[in-house]
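Read through the structure below, which is laid out as structure tokens, and then see the notes.
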């Protein structure tokens, strides 16, 4: 039962260009969405989040877009930097509840 | 910046032995969680803890698992009789306002 799906297991982007990571969810009870960045053998690092009452949230080079009707969110990284290379997890929660993670997208930013 | 810490970073144990994984959540956080990630799989929710009691647990969190907040700072996960399939990275997380912050993880290897 995959309630949070990241259909692209990997993505390669040239340095300086935009990285777009996509995520779909199925559970209508989710009302808070998060993106985490993770390196091997380390814990997920919180990047950015968005509440279901918004459709966009921006923090520096990172922007998250939420399309509630399509149950879709995306993370945009502009400009992409080699240090952004990592696995990115989309996650969702109903608030003060467990976070449900997607399977992750491995981003490689090529210098 | 405050962060979640976990000890030990690595633990090797024999099947059937008890292990205790320790976490120090961020000090003003109220909700605490344990997750695990088996190699090559996604991060899975184990249990959430609030107001000194379990608020939610997954199917994985069977009678072999228990959690405790023995004092004002520590949050522990105990596995009473470890199985080979318990080998995984275990992450502690805490939150106050919906965003969960994760510790660096404990890599547990059961032989």
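Protein chains in written order, with the working numbering: chain A, 621 to 731; chain B, 5 to 115.
Every residue, glycine too, gets a C-beta built ideally from N, C-alpha and C.
Who are the near neighbours of residue 642 of chain A in its chain, counting only those whose CB is closer than 6 Å to its CB and skipping five residues on each side?
Numbered from 1 along the first chain, position 22 holds the residue referred to as residue 642 of chain A. Taken in chain order, the residues that qualify are 694.
Could you check which residue in B:45, B:46, B:36 and B:115 has the C-alpha nearest to that of residue 55 of chain B?
One-based indexing of the second chain puts residue 55 of chain B at position 51. The shortest Cα separation from residue 55 of chain B among B:45, B:46, B:36 and B:115 belongs to B:36.
Since residue 40 of chain B meets chain A, which of its residues come closer than 8 Å, beta carbon to beta carbon?
Taking the second chain and counting its residues from 1, one reaches residue 40 of chain B at position 36. In chain order: nothing, as chain A lies at least about 11 Å away.
Would you say residue 721 of chain A lies against chain B (beta-carbon separation less than 8 Å)?
Position 101 of the first chain, counting from 1, holds the residue named residue 721 of chain A. So yes, residue 721 of chain A belongs to the interface.
So, is residue 730 of chain A buried or exposed, given that buried needs 16 or more other C-beta atoms within 10 angstroms?
On the first chain, residue 730 of chain A is found 110 positions in, with the first residue counted as 1. Under this definition residue 730 of chain A is an exposed residue.
So the beta strand (DSSP E) residue 31 of chain B belongs to, where does it begin and stop?
Residue 31 of chain B sits at position 27 when you count from the first residue of the second chain. Premise fails: residue 31 of chain B is in no beta strand (DSSP E) and is neither H nor E.
Restricting to Cα atoms, I'd like to know which of A:645, A:662, A:651 and A:625 is closest to residue 93 of chain B.
Position 89 of the second chain, counting from 1, holds the residue named residue 93 of chain B. Checked all of A:645, A:662, A:651 and A:625; the closest Cα to residue 93 of chain B is A:662.
Determine the contact status of residue 47 of chain B and residue 653 of chain A, defining contact as a CB-CB distance below 8 Å.
Looking up residue 47 of chain B in the second chain gives position 43. Looking up residue 653 of chain A in the first chain gives position 33. No, the Cβ-Cβ distance between residue 47 of chain B and residue 653 of chain A is not below 8 Å.
Along the chain, where does the beta strand (DSSP E) containing residue 725 of chain A start, and where does it finish?
Sequence index remark: in the first chain, residue 725 of chain A carries index 105 (1-based). Residues 725-730.
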